[in-house]
Amino acid sequence: MKQPAHHPARYDAAGVEVHHPVPLAPAPAAPPVPVQPGGIPSVASVVLPDGRVVTGYAVAPAQPEPFAPKPPVSRVAVNIALGGVGFAAVCGGLFLLTAFVAALTAFIAQLITLAAVISGGWIAVQLFSSNGHQGGTTVNIRKAVIKRNKFYS
Numbered sequence: 204m205k206q207p208a209h210h211p212a213r214y215d216a217a218g219v220e221v222h223h224p225v226p227l228a229p230a231p232a233a234p235p236v237p238v239q240p241g242g243i244p245s246v247a248s249v250v251l252p253d254g255r256v257v258t259g260y261a262v263a264p265a266q267p268e269p270f271a272p273k274p275p276v277s278r279v280a281v282n283i284a285l286g287g288v289g290f291a292a293v294c295g296g297l298f299l300l301t302a303f304v305a306a307l308t309a310f311i312a313q314l315i316t317l318a319a320v321i322s323g324g325w326i327a328v329q330l331f332s333s334n335g336h337q338g339g340t341t342v343n344i345r346k347a348v349i350k351r352n353k354f355y356s
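Numbering (this note's numbering) for the sequence shown: 204 to 356.
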């Protein structure tokens, strides 16, 4: 809702009381407060120009946090480098494991070949050895008499 515009001629100037601020005299500087070393600071009292007394402890100004410089190498880079070293160590172990498996496979293949050669040689010796027996079937042929389609020995 729009407020009606106030016209300055409607107000009575006699009913208005005006207060002017009175400047204060500058306060004297407070004397420095001695601080007892290693203990509780002493209590300081300051007398204001109007006669009031303010009592309290001296407060040391706040010191800013010491600035911690950043390390020359970031932690992320160090972690990545350590991960690479660990990965290289694992790869070396895997390479040795692979070499061991390949050597074991070659050894087993040589054992199988050796067994085949030995068994083949044993079979060959059995076939070609001559200890009085020539092998095959022995047939003794005698004079046979055949009469009327009958065989008489």
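Glycine included, each C-beta is placed from N, C-alpha and C at the ideal position.
All values reported here derive from a predicted model rather than from experimental measurement.
query: Whose CA, out of H222, A228, V221 and L251, lies closest to the CA of P234?; result: L251
query: Note down the Cα distance separating G286 from A280, rounded to an integer number of angstroms.; result: 10 Å
query: Taking Cβ to Cβ, would you say V257 is nearer than 8 Å to V249?; result: yes
query: Which residues in the same chain have their Cβ closer than 6 Å to the Cβ of A232, if we skip the five residues on either side of it in sequence?; result: none
query: Could you tell me the boundaries of the beta strand (DSSP E) in which S277 lies?; result: Neither: S277 is in no beta strand (DSSP E) and is coded neither H nor E.
query: Judging by CA-CA distance, which residue of P269, P267, A309 and A247 is the nearest neighbour of G259?; result: A247
query: Which residues share a DSSP beta bridge with V293?; result: Answer by DSSP bridge pairing: none, since V293 is not bridged.
query: Let me know the secondary structure DSSP gives A309 once reduced to three states.; result: helix
query: Any idea what DSSP makes of I219, helix, strand or coil?; result: The amino acid occupying residue 219 in the given sequence is Val; Ile does not appear at that position. In the structure shown, V219 sits in coil (DSSP, three-state: anything other than H, G, I, E or B).
query: Return the CA-CA distance between I304 and G289, expressed in angstroms with no decimal places.; result: Before going on, a small fix: residue 304 reads as Val here, not Ile. If I take the Cα positions, the gap works out to 23 Å.
query: Can you find a C-beta in chain C that's less than 8 Å from the C-beta of P234?; result: Checking the listed chains, one finds no chain C in this structure; it contains a single protein chain.
query: Considering only residues of the same chain and omitting the five flanking positions on each side of P224, which have a CB-CB separation below 6 Å?; result: none
query: Taking only three categories from DSSP, how would you classify S332?; result: coil
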